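The listed protein sequences correspond, in order, to chains A and U.
The first sequence begins at 1 in full-length UniProt numbering and counts up one residue at a time.
The second sequence begins at 1 in full-length UniProt numbering and counts up one residue at a time.
We put the beta carbon where it would ideally sit given N, CA and C, even for glycine.
Note that the coordinates shown come from a computational prediction; the quantities given were computed from them, not determined experimentally.
As structure tokens, the structure follows; a few thoughts come after it.
Number of protein chains: 2
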Amino acid sequence: MDEGRNEVFADDEDGLREGVARRPITLADVAREARVGESTVSRVLRSHGSFSEKTRARVEAAVTRLGYVPNRIAGTLASTGSRLIGIVIPSLTNIVFPDLLRGATAALDQEGFQSVIAVTDYDQDREEAVVGSLLSWRPAGLIVTGLEHNPGTRRRLLASGVRVAELLDTDGPGLDIVVGYSNRAAGEASARHLAGRGYRRIGYIGHDLSKDKRAAKRYAGFREALGQAGLALAGEERVATPSSVESGRHGLASLLARVPDLDAAYFSNDDMALGGYFHCLAGGLAVPDRLALFGYNGLDVGRLMPQPLATIRTPRVEAGATAARLLCAGGPATVVDLGFELIEGATA
Amino acid sequence: MDEGRNEVFADDEDGLREGVARRPITLADVAREARVGESTVSRVLRSHGSFSEKTRARVEAAVTRLGYVPNRIAGTLASTGSRLIGIVIPSLTNIVFPDLLRGATAALDQEGFQSVIAVTDYDQDREEAVVGSLLSWRPAGLIVTGLEHNPGTRRRLLASGVRVAELLDTDGPGLDIVVGYSNRAAGEASARHLAGRGYRRIGYIGHDLSKDKRAAKRYAGFREALGQAGLALAGEERVATPSSVESGRHGLASLLARVPDLDAAYFSNDDMALGGYFHCLAGGLAVPDRLALFGYNGLDVGRLMPQPLATIRTPRVEAGATAARLLCAGGPATVVDLGFELIEGATA
DNA sequence: ATCCACATTGGCAGCGCTGCCAATTCGATG
DNA sequence: CATCGAATTGGCAGCGCTGCCAATGTGGAT
Chain A
1 MDEGRNEVFA DDEDGLREGV ARRPITLADV AREARVGEST VSRVLRSHGS FSEKTRARVE
61 AAVTRLGYVP NRIAGTLAST GSRLIGIVIP SLTNIVFPDL LRGATAALDQ EGFQSVIAVT
121 DYDQDREEAV VGSLLSWRPA GLIVTGLEHN PGTRRRLLAS GVRVAELLDT DGPGLDIVVG
181 YSNRAAGEAS ARHLAGRGYR RIGYIGHDLS KDKRAAKRYA GFREALGQAG LALAGEERVA
241 TPSSVESGRH GLASLLARVP DLDAAYFSND DMALGGYFHC LAGGLAVPDR LALFGYNGLD
301 VGRLMPQPLA TIRTPRVEAG ATAARLLCAG GPATVVDLGF ELIEGATA
Chain U
1 MDEGRNEVFA DDEDGLREGV ARRPITLADV AREARVGEST VSRVLRSHGS FSEKTRARVE
61 AAVTRLGYVP NRIAGTLAST GSRLIGIVIP SLTNIVFPDL LRGATAALDQ EGFQSVIAVT
121 DYDQDREEAV VGSLLSWRPA GLIVTGLEHN PGTRRRLLAS GVRVAELLDT DGPGLDIVVG
181 YSNRAAGEAS ARHLAGRGYR RIGYIGHDLS KDKRAAKRYA GFREALGQAG LALAGEERVA
241 TPSSVESGRH GLASLLARVP DLDAAYFSND DMALGGYFHC LAGGLAVPDR LALFGYNGLD
301 VGRLMPQPLA TIRTPRVEAG ATAARLLCAG GPATVVDLGF ELIEGATA
């Protein structure tokens, strides 16, 4: 099948045999075809600088005739900045990060930027490696997740001189642009809500907090606010697996086995909480009378459960979009707190 | 805060005033620092060609001392191929495509490739535009979703001479590499399963099939196999919104309002089916006795419902990984059918 | 007719790296 | 100690484009 493949090539001027030595079409070919200078073609294609209407038409016709595709690699090298933005996320398993990507790519697309993505699996050493790798593409900016990075990553980011946006967390100092909300405050709000509703035997079901720093901040905020309400965690379960519906379901099951008289469960996110809800449904535990459930993220699925999930809605798509726009705009370093919204739901 | 930013620069040789005119560090700086030629540095950094151990150490020391980050833009322009793979997906809302991305980025990462992504929103004209945009980065390969593309997209893909992998569908002719499974056969298998279980009043709840060609193929296969079993759809509901838990829940509700005696519902995917399940739970409809549910995709969440969802598990992550590996390997055009697996579950 | 300001255009030197090729060095051998 | 092939190294011409600058054209005012 390889001979079925096909390239648009220019005839080679050094042309040996017809149809043999050929090469990809370049801007110079277009210039020749349109009978104008190379810089004129460049100006027309980028709508930059001045040129007559007649020239534009000639160039565009030549481009179409030859099927020319500009080479942005060359363009980037020749000019100062690239139109690439690197995006570093910890995971693609949790819908939260695709949401962030969605916001970012939509905004970048509008500005004519392309996104290069890299996944760290919540590993700071991998983060350092992928940041290095992304920087070698000389991106116009970098979007990373969270404020915690190892020293190597920080050094590389600062040394690169590239604009950086840190997303989904405002609890701590940022390097440049920060767009997010306070995870700590979200944890506190959740605890106050549960305490305010009269729950007293509250448990926590979470995943590995040593890697997911934002979940750890919510947990810390949650505990602190519980304390301020005169309460303490009645029990907690940390699953070793990544957060998921499955780990939420199993996590709640084993926590209840150890601490049967729990009256509320706070999950590290909605996926976990959904798993907990399924456990309750399967085991005939009345929600919220026997056990209240509280999640985090405000996923659509929570809204559509027979009893809408009590949770906190986070502006993930907006954060991605805002960060992308700020990076493109090139303003000063800032912190944008987008806040979050507590959704009362019916499970707590 | 802009003055807080920091770049690693070399002293400018044309140096006017100390600390003023500076420029980013290049390979030439490293060569000078290590007292070797530029090509030697290049060879060491790429572990390509031969050089002595002593030289390697000198170069690496110089790299560290200067904090040099190679410029892949320049490297790509100078060499033949880039280490970029473009990935075109229709959506980031449905977890299916992040799954695909996950498989692809993991495999690409291993091979030292970077992914550039673009989202089409299921719009063929946008697909054409983003393909053009991705091609301008001269990627080593392109991963696109599905086999259906408008003529402009096909022309661009073929003309570019870039390797292309089309994913998640094998029902039709491909351009180059095809990795997926038969959506049509998946629809047929679902219908045969439901018919075999004795369901007779089967309804369909789906989203916009004019844009989602793969869902349309499943639908067609489903109807055909129903016909072969002597059955016909007892009713169907097409929601205008994208597939989601919400549209599944509402879609089932309105279908049941019109066709109350349905005994089974086939959904265009698991998200929709989960919504349908929530509708049944909320309305007290016994599953599967009063109404059976069948989904598509085999998401984790379906496995963890109180009654595991009957569905078809599709190898999305594997498809992404396989396509990535084939693109990097550079073999001949092929079709890889990864198949799918029917999960009986407990809802049908 | 002359001159000037401004719009339009082309030429060409890089951007930072790689690939080719020639030069040099190193060892081992006779 | 001379000789030769292999290992190691450096020089430099591009890769395709953009940015700068000079050259040319244009129209109106003088």
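Between glycine 141 of chain U and leucine 338 of chain U, the gap from beta carbon to beta carbon reaches 9 Å or more. Leaving aside the five residues that flank asparagine 269 of chain A on each side, the residues in its chain whose CB is nearer than 7 Å to its CB run, in chain order, Ser243, Gly295, Tyr296 and Asn297. Glutamine 114 of chain U sits close to leucine 134 of chain A, with the two beta carbons spaced by under 9 Å. Annotation for threonine 314 of chain A: Tyr181, Asn297, Gly298 and Phe340 place their beta carbon closer than 7 Å to its own, counting only its chain and skipping 5 residues before and after. The C-alpha of alanine 225 of chain A lies about 33 Å from the C-alpha of aspartate 300 of chain U. Between the beta-carbon of serine 190 of chain A and that of isoleucine 343 of chain A there is about 11 Å, and that puts the pair past the 8 Å contact cut.
Annotation for glutamate 148 of chain U: no alpha helix (DSSP H) segment contains it, and DSSP assigns it neither H nor E.
For the pair glycine 206 of chain U and alanine 220 of chain U, the CB atoms are not nearer than the 9 Å cut-off.
Glycine 187 of chain A does not reach chain U, its nearest Cβ partner there being about 25 Å away, counting only Cβ pairs nearer than 7 Å. A distance below 6 Å between beta-carbons, with the five flanking residues on each side excluded, links glycine 49 of chain A to the following residues of its chain, in chain order: Arg43.
The three-state reading of DSSP puts proline 24 of chain U in strand, counting E and B together. Per DSSP, valine 162 of chain U lies in no alpha helix (DSSP H) segment and is marked neither H nor E. Non-local C-beta neighbours of arginine 201 of chain U in its own chain, meaning closer than 6 Å and more than five positions away in sequence, comprise Ala234, Asp261, Leu262 and Asp263, ordered along the chain.
When C-alpha distances from leucine 309 of chain A are compared across A:Leu209, A:Gly275 and A:Gly283, the shortest belongs to A:Gly275. According to the DSSP assignment, glutamate 237 of chain A belongs to the beta strand (DSSP E) that extends over 235 to 238.
A distance below 9 Å separates the beta carbons of alanine 106 of chain U and valine 119 of chain A.
Ranked by Cα distance from leucine 84 of chain U, the options U:Asn150, U:Gln110, U:Phe97 and U:Leu175 are led by U:Gln110.
Judged by their CB atoms, glycine 248 of chain A and aspartate 212 of chain A are not nearer to each other than the 9 Å cut-off. Using a CB distance cut-off of 9 Å, threonine 40 of chain U does not count as an interface residue toward chain A. Annotation for glutamate 341 of chain A: the continuous beta strand (DSSP E) segment containing it runs 341 to 343.
At least one C-beta of chain A is nearer than 9 Å to the C-beta of alanine 159 of chain U. Considering only beta carbons, the part of the segment 51 to 82 of chain U lying closer than 7 Å to chain A consists of Gly67, Val69, Pro70, Asn71, Arg72, Ile73, Ala74, Thr76, Leu77 and Ser82, in chain order.
Contact note: phenylalanine 278 of chain A reaches chain U through Leu304, Met305 and Pro306, using a C-beta cutoff of 7 Å and chain order.
For threonine 311 of chain U, no alpha helix (DSSP H) segment is defined; the enclosing uninterrupted segment is the beta strand (DSSP E) at 311 to 313. At the C-beta level, aspartate 169 of chain A and valine 162 of chain A stay beyond 9 Å of one another. In the DSSP annotation of this structure, the continuous segment of the alpha helix (DSSP H) that includes tyrosine 219 of chain U starts and ends at 213 to 228.
What glutamine 114 of chain A touches in chain U, judged by beta-carbon distance under 8 Å, is Val116, Ala118, Ser133, Leu134 and Trp137, going in chain order. The continuous stretches of alpha helix (DSSP H) do not include glycine 295 of chain A, and DSSP gives it neither H nor E. If you check the CB distance, leucine 157 of chain U and valine 144 of chain U come in under 9 Å. In this structure alanine 78 of chain A is exposed. Its beta-carbon is surrounded by fewer than 16 other beta-carbon atoms within 10 angstroms.
Taking 9 Å as the threshold, the shortest C-beta distance from leucine 84 of chain U to chain A falls below it.
For serine 115 of chain A, the three-state secondary structure derived from DSSP is strand. In the assembly as shown, arginine 223 of chain U is a buried residue. Its beta-carbon has 16 or more other beta-carbons within 10 Å. Isoleucine 95 of chain U has a beta carbon lying within less than 9 Å of a beta carbon in chain A.
In the structure shown, valine 36 of chain U falls within a coil segment according to DSSP collapsed to helix, strand and coil. Per DSSP, the unbroken alpha helix (DSSP H) holding glycine 248 of chain U starts and ends at 245 to 258.
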